[in-house]
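2 protein chains.
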Amino acid sequence: MNTKNFMSGEQLLAHWQGHRKVTRRTIEAFPEQELYQFSIGGMRPFSEMVIELLNIGGQALKMIVENSTDKNGGEEIQPTTKLEILAAWDEQTDVINSYFVSLSEERFQETFNLYGEYNFPIYQNILYFIDNEIHHRAQGFVYLRALGIAPPFFWEL
Amino acid sequence: MNTKNFMSGEQLLAHWQGHRKVTRRTIEAFPEQELYQFSIGGMRPFSEMVIELLNIGGQALKMIVENSTDKNGGEEIQPTTKLEILAAWDEQTDVINSYFVSLSEERFQETFNLYGEYNFPIYQNILYFIDNEIHHRAQGFVYLRALGIAPPFFWEL
């Protein structure tokens, strides 16, 4: 651990949930069919990227809190409609909040082998969940633009 | 300031510079002409997104360190070739490192009106620089896929 503290866990959680609101609005902006089918350059449709995100954040935090390094993670979240995706998104909001607060300051600096594969300090694993969400949401923005649909504002957290 | 520390300033800086390496490889992956001309859905070419990034990170940190709220920021960085973009990118690596270390722990929590417009705690302004980079780089990834070019690995920091 180094000397200067950059931000608190509470601030990181608020930042993450702010991003999750923007991602939720990005999902909402997609027509159902395009959410599941539209793609550019052989990439996955946006629904599949979102389902990846649904299966990382809260599930991974649970594994960290419970010290589980199960390769398969928890039970797979596999919504098949836009409404189910949005409902699962909202459920995960609470899952993330409740597991995040169980993490102590010491644990953020502890190395954890997530899925038995990503052996990094927990703060880096958590930053990756957020970065990966920003990454895929931005790809969703390009899909929306290609479909002639305005993506949500980035700032309106 | 809240109770649990999530990460240190040094860790955040290393995280940011790790992302900047991936972004540099993303720039490298573009052929020169496509870097300046290719676009999807009326969006900007990737060169313009990168020039935006070049004009935020180091320049904005300098303004924060010097307590300047000049609307126009510093001198504009406006490279006109791929080689100039990469050279400017490397220059900014050092600019970011040198200004970042001048920031004290207290300043991360201080509210700063960046460009006289974005009035947020400094840690949030800095997170935005990184998030904005991840966002635009991900759009560059879609451009590359649409061009049939494999983007760089995300993990190879």
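Residue numbers (the working numbering), protein chains in the order written: chain Z, 1102 to 1258; chain P, 1102 to 1258.
Backbone N, C-alpha and C define an ideal beta-carbon position, used for all residues, glycine too.
So what does Leu-1215 of chain Z bridge to, in DSSP terms?
Z:Tyr-1219
Do we get a CB-CB distance below 9 Å when we pair His-1120 of chain P with the residues of chain Z?
yes
Determine the chain P residues that contact Phe-1147 of chain Z at a beta-carbon separation under 7 Å, and present them in chain order.
Under the 7 Å cutoff, chain P gives no residues; its nearest Cβ is about 11 Å from Phe-1147 of chain Z.
Taking the beta strand (DSSP E) that Phe-1107 of chain Z falls in, what are its first and last residues?
1106-1109
Name the chain P residues whose beta carbon is nearer than 7 Å to that of Asn-1106 of chain Z?
Asn-1106, Ser-1109, Glu-1206
I'd like to know whether the C-beta atoms of Lys-1105 of chain Z and Phe-1209 of chain P end up nearer to each other than 9 Å.
yes
His-1236 of chain P versus Ile-1235 of chain Z - alpha carbon distance:
6 Å
Do Gln-1240 of chain P and Met-1144 of chain P come within 9 Å of each other at the CB atom, strictly closer than that value?
yes
Need the endpoints of the alpha helix (DSSP H) that Asn-1198 of chain P sits in, please.
1183-1201
State buried or exposed for Leu-1113 of chain P, treating a residue as buried only when at least 16 other CB atoms are found within 10 Å of its CB.
buried
Return the chain-ordered list of same chain residues with a C-beta closer than 8 Å to the C-beta of Gln-1179 of chain Z, the five sequence neighbours on each side being excluded.
Ile-1152
Nonlocal neighbours in the same chain, by C-beta distance under 6 Å from Leu-1154 of chain P, ignoring five residues either side:
Glu-1234
Three or more beta-carbon pairs under 8 Å between the stretch 1123-1135 of chain P and the stretch 1247-1255 of chain P, yes or no?
yes
Give me the Cα-Cα distance between His-1116 of chain P and Asn-1156 of chain P, rounded to the nearest whole angstrom.
19 Å
Measure how close the beta-carbons of Gly-1249 of chain Z and Arg-1246 of chain P come, nearest whole angstrom, since I'm counting them as under 8 Å.
In fact, because the Cβ distance is near 20 Å, the residues do not count as touching under 8 Å.
What does a CB cutoff of less than 6 Å around Leu-1136 of chain P pick up in its chain, not counting 5 residues either side in sequence?
Phe-1147, Ser-1148, Lys-1183
Using a Cβ-Cβ cut-off of 8 Å (strictly less than) and excluding sequence neighbours within five positions of Ile-1223 of chain P, which residues of its own chain qualify?
Ile-1165, Leu-1204, Arg-1208, Phe-1209, Gln-1210, Glu-1211, Thr-1212, Phe-1213
Hey, does Phe-1254 of chain P have any beta-carbon neighbour from chain Z nearer than 9 Å?
no
For chain Z, check one thing: does any of its Cβ atoms lie closer than 9 Å to the Cβ of Arg-1125 of chain P?
no
Please report the distance separating the alpha-carbon of Glu-1176 of chain Z from that of Asn-1220 of chain Z.
22 Å
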